[in-house]
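> Chains as they are written, first to last, in the working numbering: chain A, 283 to 514; chain B, 38 to 88.
1) Rounded to a whole number of angstroms, what is the C-alpha to C-alpha distance between residue 293 of chain A and residue 66 of chain B?
2) Can you tell which of A/303, A/290, A/295 and A/324 has the C-alpha that lies nearest to the C-alpha of residue 76 of chain B?
3) With three or more beta-carbon pairs closer than 8 angstroms as the criterion, would you say the region 326-346 of chain A touches the region 363-370 of chain A?
4) Using the three-state DSSP reduction, which class does residue 423 of chain A fall into: helix, strand or coil?
5) What first and last residue would you give for the alpha helix (DSSP H) that runs through residue 325 of chain A?
6) Between the C-alpha atoms of residue 304 of chain A and residue 288 of chain A, what's the straight-line distance to the nearest angstrom?
7) Report the option in A/309, A/507, A/491 and A/358 whose CA atom is closest to the CA atom of residue 423 of chain A.
8) Go to residue 389 of chain A, then tell me how far its alpha helix (DSSP H) extends in each direction, as first and last residue.
9) Within the 7 angstroms Cβ cut-off, does residue 78 of chain B reach chain A?
10) Please state whether DSSP places residue 318 of chain A in a helix, a strand or coil.
11) Ordered along the chain, which non-local residues of its own chain (more than five positions away) have a Cβ less than 6 angstroms from that of residue 50 of chain B?
12) Answer with buried or exposed for residue 442 of chain A, where buried requires no fewer than 16 other C-beta atoms within 10 angstroms of its C-beta.
13) Residue 64 of chain B touches chain A at which residues, Cβ-Cβ below 7 angstroms?
14) Using the three-state DSSP reduction, which class does residue 285 of chain A fall into: helix, strand or coil?
15) Examine the Cβ distances between the region 329-337 of chain A and the region 405-420 of chain A and report whether three or more of them are shorter than 8 angstroms.
16) If you follow the alpha helix (DSSP H) that residue 66 of chain B is part of, which residue opens it and which one closes it?
17) What is the rounded straight-line gap between the Cα of residue 484 of chain A and the Cα of residue 87 of chain B?
18) So what's residue 468 of chain A in DSSP terms, helix, strand or just coil?
19) Measuring alpha carbon to alpha carbon, tell me which residue in A/371, A/319, A/329 and A/428 is nearest residue 313 of chain A.
20) Confirm, please, whether the CB-CB distance from residue 81 of chain B to residue 430 of chain A is below 7 angstroms.
21) Looking only at its chain, what residues have a beta carbon closer than 8 angstroms to the beta carbon of residue 387 of chain A, apart from the 5 residues adjacent to it on each side?
22) Quick check on DSSP: helix, strand or coil for residue 440 of chain A?
23) Under 8 angstroms, CB to CB, which of the residues in the region 322-355 of chain A have a partner in chain B?
24) Distance cutoff 7 angstroms, beta carbons only. Does residue 388 of chain A sit that close to anything in chain B?
25) Just the C-alpha distance for residue 363 of chain A and residue 57 of chain B, rounded to the nearest angstrom, thanks.
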C-alpha cells in the first residue's frame, strides 16, 4: 500500500510538472514567437497542432510495437499498454483534427477539405476508435489480445501514409516544412519554439500513457481478485 | 492573404482552449479514477482476507 501511495503521489507530481512545462512553452509561443510573413499571428496554432499530430503518430508507433510484442510474446502487460496507447493516440489525433480545422478556417477559408493529409488523419482517428470499441466488446483473454494486436499493427501502417500524403498527392495541406531535403523552410526561432512545444507534448503523452496503463492494470487486477473471491 | 485580414485571436483562443481543456479533463479523469480504484483494491483485499 505504501508503494501504491508513493506511486500515486509521483504520478500527480509528474503530471503537474509536465503540464506546467507545456503551459510555459505555449505561453512563450503565443507571446514571443515571431509572426509569420504570410499568415500573421494565426499561425501560432502550429505550436499546438503539429506537436499533437506528432504525438498521435508516436502513439501509433508505440501501439504497433506493443502489438507485435503481444503477438509474438503473448504478453498481457503489452496488451494493457496497447489499449492505453490507443486511447492516448485517439485523443491526440482528434486534437490534431480540431486544431487543424480551426487553423484551416482563416487560412484556407474552409473548416474541412477531403485532401489526402486530412482524410488519412481522420482515418487514423476512426481506426483508433474502432480498435477501442473492438477491444471493449470482447471478453478479456488471449484471443482478444491477439486480435487487438493484429488491428494495432494495421493502425501503425496508416502513419507513414499520412506523412507521405503531402508528397504523394496534390494536397491543400502544406508540404513538409521541417523534415525535407535542403533543410527546414521555417525561421530558426520558430523551429526552436516548435521543438520545445513538441517535447512538452510528447511528455504529456507519455505521462497520460503511463497513468492510463497503471489504471487499466489496476482495474484488471481488481476484477481478477473479485472473481476469485466470489468463486470461493 | 486571407489569414492576415481575419482577427486571429478567436481562432487561437479556440484552438488552445479546446486542446488544453481536453488534455486536462482526461488527466483529471485518470487521477480521479486512480483514487477510486485504490479504494476498490483495498475493499476487495479486505473482502478476501475476511473469508
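The C-beta atom is built at its ideal place from N, Cα and C for all residues, glycine as well.
Taking the structure as given:
1) For the purposes of this step, residue 293 of chain A is taken as the residue at position 11 of the first chain. For the purposes of this step, residue 66 of chain B is taken as the residue at position 29 of the second chain. Cα to Cα, the separation comes out at about 13 angstroms.
2) As a position in the second chain, residue 76 of chain B is number 39, starting the count at 1. Closest by alpha carbon: A/290.
3) By the C-beta criterion, the region 326-346 of chain A is judged to be in contact with the region 363-370 of chain A, since at least 3 inter-stretch pairs fall below 8 angstroms.
4) Stepping through the first chain from its first residue, residue 423 of chain A is reached at position 141. Looking at residue 423 of chain A - three-state DSSP - the assignment turns out to be coil, as it is neither helix nor strand.
5) Your numbering for residue 325 of chain A matches position 43 in the first chain. Looking at the DSSP string, residue 325 of chain A is not in any alpha helix (DSSP H), and its letter there is neither H nor E.
6) If you number the first chain from 1, residue 304 of chain A lands on position 22. If you number the first chain from 1, residue 288 of chain A lands on position 6. Distance between the alpha carbons of residue 304 of chain A and residue 288 of chain A is about 24 angstroms.
7) The count along the first chain starts at 1 and reaches residue 423 of chain A at position 141. Among A/309, A/507, A/491 and A/358, the Cα nearest to that of residue 423 of chain A belongs to A/358.
8) Walking along the first chain from the start, residue 389 of chain A turns up at place 107. 358-390 is the span of the alpha helix (DSSP H), which, as asked, contains residue 389 of chain A.
9) Taking the second chain and counting its residues from 1, one reaches residue 78 of chain B at position 41. Interface residue, yes.
10) To locate residue 318 of chain A, count along the first chain from 1; it is residue 36. DSSP places residue 318 of chain A in strand when its eight states are reduced to three.
11) For the purposes of this step, residue 50 of chain B is taken as the residue at position 13 of the second chain. Nothing meets the Cβ criterion.
12) Mapped onto the first chain, residue 442 of chain A falls at position 160. Classification for residue 442 of chain A: exposed.
13) Translated into the one-based positions of the second chain, residue 64 of chain B becomes position 27. In chain order: 297 and 490.
14) In the first chain, the residue the question calls residue 285 of chain A occupies position 3. Note: residue 285 of chain A maps to helix in three-state DSSP.
15) no
16) In the second chain, counting from the first residue as 1, residue 66 of chain B sits at position 29. First-last of the alpha helix (DSSP H) with residue 66 of chain B: 46-86.
17) If you number the first chain from 1, residue 484 of chain A lands on position 202. If you number the second chain from 1, residue 87 of chain B lands on position 50. Going by the C-alpha atoms only, they are around 45 angstroms apart.
18) For this step, residue 468 of chain A is matched to residue 186 along the first chain. In this structure, residue 468 of chain A counts as coil in the three-state DSSP scheme.
19) Stepping through the first chain from its first residue, residue 313 of chain A is reached at position 31. When the alpha-carbon of residue 313 of chain A is set against those of A/371, A/319, A/329 and A/428, the nearest one is in A/329.
20) Here the question's residue 430 of chain A lines up with position 148 in the first chain. Here the question's residue 81 of chain B lines up with position 44 in the second chain. Contact: no.
21) Counting from 1 along the first chain, the entry for residue 387 of chain A is found at position 105. Excluding sequence neighbours, residue 387 of chain A sits near 393.
22) The residue labelled residue 440 of chain A in the question sits at position 158 within the first chain. Three-state DSSP puts residue 440 of chain A in a helix.
23) 322, 323, 324, 325, 326, 327, 330, 331 and 334
24) Taking the first chain and counting its residues from 1, one reaches residue 388 of chain A at position 106. Chain B, which has a Cβ nearer than 7 angstroms to the Cβ of residue 388 of chain A, makes this yes.
25) Your numbering for residue 363 of chain A matches position 81 in the first chain. Your numbering for residue 57 of chain B matches position 20 in the second chain. Cα-Cα distance, rounded: 24 angstroms.
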